[in-house]
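A.B. asks: Protein chains in written order, with the working numbering: chain A, 4 to 237; chain B, 4 to 237. The beta carbon of each residue, even a glycine, is placed where N, CA and C say it ideally should be. Below you'll find the structure I mean.
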């Protein structure tokens, strides 16, 4: 009976993590739209909706800590709790990053924050990153230890797009204001970090299933400076 | 006897967290020096030394997870383990951010990455951030729930410096290349995030001592856009 209650709680936590990934995906979709369309109302919505994602995160964490206290799990069950605390942190961060994008859109309103050269690249970054976090949710739901490789491949696409942003910013033919350069630098970093956290979620599922820490594979562990472009991962 | 073994392990973990804060402080000091002096050897050292900080982090995490499994802690002891896992993550990130600074110094070598207007501001950012992470280590060692307020005040200094960087970047009288603008934007963000993680460590001690989550106070929870300057906290 205790065991079945435990499984039920685990199932609930897993559902909440999937819910968080859906919320983070919607948040970035909308944030990108608010950025592209200079849509102040939508930007405001993304910013205020983030509180709900934070609340789900607190609830997940409290459940996990409560289960640690009451059920005294060991082995896989213990890993599940530790992993839950980390995945909830990653997904909450994704929400924060979507909020940052929306805040930049709001800050520049009614002007658009991105010029015509940059818009298609950021549109693709957003689509890729949103797909990644949705996929991360599916990987959590299915306890799929093999999904991480797929997300790391998608992360290579993000790297390529990130390089493309910097190529445009640094092109002598580009004439952008300092403000536009600062904004694009920060935005590119937000999308990149969002994607990194999606990869982290998938790698934590690897740990959960295999018991082996994948720290070395975490995006945070290997920052590449690609063709003169600073790429990092705090 | 079990209890005394537990206390001994706890003491060991606390010492390792203090060690991590010292390593993170040294890393940023050296990274800043490598940036200011365009010192390639020092930059390389910071980059390679980060692996040791990562190793201490893994060791701390393994000890905490092992204690969760063996000792089945509840209440304060359980909070101690959960908090440990989070503080080790914050301090490892500080090391990553110091490494990013060193990588940027290396990328621009033999040219200096910062111009004369920006250098004194970044020097002050570095001094402030390094003091913050050292103080965070003392707060962990002393289980000091009151230290967080002090670190949040220091974080206001970081905000002021961050704003000052952007004021210079966006000043029409400033003539900086796009590359220099991108570099300064990213560097400012690295120092800012480093300081945020130092504040997080102190707030986690608040949780440990009081049992109340200070999520609302975490730098990640309230990103201010100050006088048109994007300030964020992913």
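#1: Output the distance between the C-alpha atoms of residue 160/B and residue 146/A, rounded to the nearest integer angstrom.
#2: Hey, is residue 125/B's beta-carbon within less than 8 Å of any beta-carbon in chain A?
#3: Below 8 Å between beta carbons: does that hold for residue 16/B and residue 87/B?
#4: Should residue 187/B and residue 121/B be called a contact, given that it needs their Cβ atoms to be closer than 8 Å?
#5: Counting C-beta neighbours from all protein chains within 10 Å, is the total for residue 200/A 16 or more, i.e. buried, or is it exposed?
#6: Candidates 44/A, 54/A, 135/A: which alpha carbon is nearest residue 21/A's?
#7: Thinking just about the alpha-carbon of each residue, which of 89/B, 49/B, 82/B, 55/B is nearest to the one in residue 64/B?
#8: Quick check on this structure: which residue in 43/A, 154/A, 10/A has the alpha carbon closest to the alpha carbon of residue 79/A?
#9: When DSSP labels each residue in this structure, what does residue 176/A get in the three-state scheme?
#10: Would you tell me roughly how many angstroms separate the C-alpha atoms of residue 137/A and residue 84/A, rounded to the nearest one?
#11: Does residue 103/A pass the burial test, meaning 16 or more other C-beta atoms within 10 Å, or should it be called exposed?
#12: Is the stretch 25-34 of chain B touching the stretch 49-58 of chain B in the sense that three or more CB pairs, one from each, lie closer than 8 Å?
#13: Examine the Cβ distances between the stretch 160-176 of chain B and the stretch 52-63 of chain B and report whether three or more of them are shorter than 8 Å.
#14: Flag residue 75/A as yes if its beta-carbon sits less than 8 Å from any beta-carbon of chain B, otherwise no.
#15: Nearest CA to the CA of residue 66/A: which residue from 142/A, 8/A, 111/A, 112/A?
#16: Among 148/B, 179/B, 172/B, which has the Cα closest to the Cα of residue 175/A?
#17: Under 8 Å, CB to CB, which of the residues in the stretch 8-36 of chain B have a partner in chain A?
#18: Identify whether residue 118/B lies in helix, strand or coil by the three-state DSSP scheme.
#19: At a Cβ threshold of 8 Å, is residue 44/A touching chain B?
#20: Please list the terminal residues of the continuous alpha helix (DSSP H) segment that includes residue 214/B.
#21: If contact means a Cβ-Cβ distance below 8 Å, which residues of the stretch 178-193 of chain A contact chain B?
#22: Which of the three DSSP states, helix, strand or coil, is assigned to residue 9/A?
#23: Residues in its own chain within less than 7 Å of residue 1/A by CB, not counting five upstream and five downstream?
#24: So what does DSSP say about residue 65/B, is it helix, strand or coil?
#25: Tell me which residue opens and which closes the alpha helix (DSSP H) that residue 85/B is part of.
#26: Measuring alpha carbon to alpha carbon, tell me which of 164/A, 93/A, 56/A ends up nearest residue 207/A.
#27: Output needed for residue 26/B: all residues of its chain with C-beta closer than 6 Å, excluding positions within five of it in sequence on either side, in chain order.
#28: I need the DSSP call for residue 279/A, collapsed to helix, strand or coil.
#29: Is there a Cβ of chain A sitting closer than 8 Å to that of residue 142/B, yes or no?
#30: Can you find the residues in the same chain that come closer than 6 Å, C-beta to C-beta, to residue 204/A, ignoring five residues on each side of it along the sequence?
#31: Taking the alpha carbon of residue 128/A as the reference point, which residue from 215/A, 5/A, 39/A, 82/A has its own alpha carbon closest?
C.D. replies: Working from what's here:
#1: Your numbering for residue 160/B matches position 157 in the second chain. Your numbering for residue 146/A matches position 143 in the first chain. Approximately 44 Å, taken between the alpha carbons.
#2: Your numbering for residue 125/B matches position 122 in the second chain. Judged by the 8 Å Cβ criterion, residue 125/B is not in contact with chain A.
#3: Position 13 of the second chain, counted from the start, is the residue given in the question as residue 16/B. Position 84 of the second chain, counted from the start, is the residue given in the question as residue 87/B. Contact flag set, yes.
#4: Here residue 187/B corresponds to residue number 184 of the second chain, with the count starting at 1. Here residue 121/B corresponds to residue number 118 of the second chain, with the count starting at 1. Their beta carbons are under 8 Å apart, which means residue 187/B touches residue 121/B by this criterion.
#5: Within the first chain, numbered from 1, the residue matching residue 200/A stands at position 197. It is buried - the Cβ of residue 200/A has at least 16 other Cβ atoms within 10 Å.
#6: Here residue 21/A refers to the residue found at position 18 when the first chain is read from its first residue. Comparing Cα positions, the closest option is 135/A.
#7: As a first step, residue 64/B is located in the second chain; it is residue number 61 there, counting from the start. Closest by alpha carbon: 89/B.
#8: Counting from one through the first chain, the residue named residue 79/A turns up at place 76. Nearest of 43/A, 154/A, 10/A to residue 79/A, Cα basis: 10/A.
#9: Position 173 of the first chain holds residue 176/A. Coil.
#10: The residue you call residue 137/A lines up with position 134 of the first chain. The residue you call residue 84/A lines up with position 81 of the first chain. The straight-line gap from Cα to Cα measures roughly 21 Å.
#11: Translated into positions along the first chain, residue 103/A becomes position 100. By the neighbour-count rule (16 or more Cβ atoms within 10 Å), residue 103/A is buried.
#12: yes
#13: no
#14: As a first step, residue 75/A must be located in the first chain, where it is residue number 72. Closer than 8 Å to some Cβ of chain B, the Cβ of residue 75/A qualifies, so yes.
#15: Within the first chain, the letter at position 63 stands for residue 66/A. Here the closest residue by C-alpha is 8/A.
#16: Working through the first chain from its first residue, we reach residue 175/A at position 172. Considering only alpha carbons, the answer is 179/B.
#17: none
#18: What you label residue 118/B is simply residue 115 of the second chain in a count that begins at 1. Note: residue 118/B maps to coil in three-state DSSP.
#19: Here residue 44/A is taken as the residue at index 41 of the first chain, counted from 1. By this cut-off, residue 44/A is not an interface position.
#20: The residue given as residue 214/B occupies position 211 in the second chain. Counting along the chain, residue 214/B falls outside any alpha helix (DSSP H), and DSSP gives it neither H nor E.
#21: 179, 181, 182, 184, 185, 186, 188, 189, 192, 193
#22: What you label residue 9/A is simply residue 6 of the first chain in a count that begins at 1. Here residue 9/A sits in helix by DSSP.
#23: Since the first residue of chain A shown is 4 and the last is 237, residue 1/A is not available in this structure.
#24: Translated into the one-based positions of the second chain, residue 65/B becomes position 62. Note: residue 65/B maps to helix in three-state DSSP.
#25: Position 82 of the second chain, counting from 1, holds the residue named residue 85/B. Looking at the DSSP string, the run of the alpha helix (DSSP H) that includes residue 85/B is 78-111.
#26: As a working note, residue 207/A is residue 204 in the first chain. When each option's Cα is compared against that of residue 207/A, the closest is 93/A.
#27: Sequence index remark: in the second chain, residue 26/B carries index 23 (1-based). Hits under 6 Å: 56.
#28: Beyond the ends of chain A as shown, which are 4 and 237, falls residue 279/A; an answer cannot be given.
#29: The residue you call residue 142/B lines up with position 139 of the second chain. Closer than 8 Å: no.
#30: Here the question's residue 204/A lines up with position 201 in the first chain. Cβ within range, chain order: 90, 93, 139.
#31: By one-based count along the first chain, residue 128/A stands at place 125. It is 39/A whose Cα lies nearest to the Cα of residue 128/A.
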